[in-house]
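Heads up, the thing below is written out as structure tokens.
Numbering (my numbering), first residue to last: 145 to 283.
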């Protein structure tokens, strides 16, 4: 487990250590629909990818709002996914962009000071972070 900012942790799902005042957000369970496009032909695949990006964006916005509320109430938040390299870092970096008023590159670098290994080249990573950044008036 890695504490990225005070009371906001990232972890592999299997490595979670809960305390009495903590909330676990399990991205792997919440986003089970992701990645099913691989078995389809190109035209259908493109539509599925667009759908998945939109649903992931909606999930990200909802989740970072929830994280902000929890942190303001002094609750420890642990965000996890299976590998701790893609979905959970995406959520926390999105949170840092939105509520830390940082641009995408600085938010990624801040995250990497605590946990270096993240999947920046993933299909969804840039799409979501660019959209979150574009909504941030301070960038």
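Idealized CB from N, CA, C, for every residue including glycine.
Check                                                                                                                                                              : Outcome
Taking the Cβ atom as the reference point for each residue, do residue 219 and residue 261 lie within a distance shorter than 8 Å?                                 : no
With respect to the beta strand (DSSP E) encompassing residue 226, which residues constitute its N-terminal and C-terminal limits?                                 : Segment: none, residue 226 is in no beta strand (DSSP E) and carries neither H nor E.
Short of 8 Å in beta carbon distance, which residues of its chain neighbour residue 278, apart from the five on each side in sequence? Order them along the chain. : none
Helix, strand or coil: which one does DSSP assign to residue 147?                                                                                                  : strand
May I ask you to list the residues that DSSP assigns as paired with residue 154?                                                                                   : 146 and 223
Identify whether residue 169 lies in helix, strand or coil by the three-state DSSP scheme.                                                                         : strand
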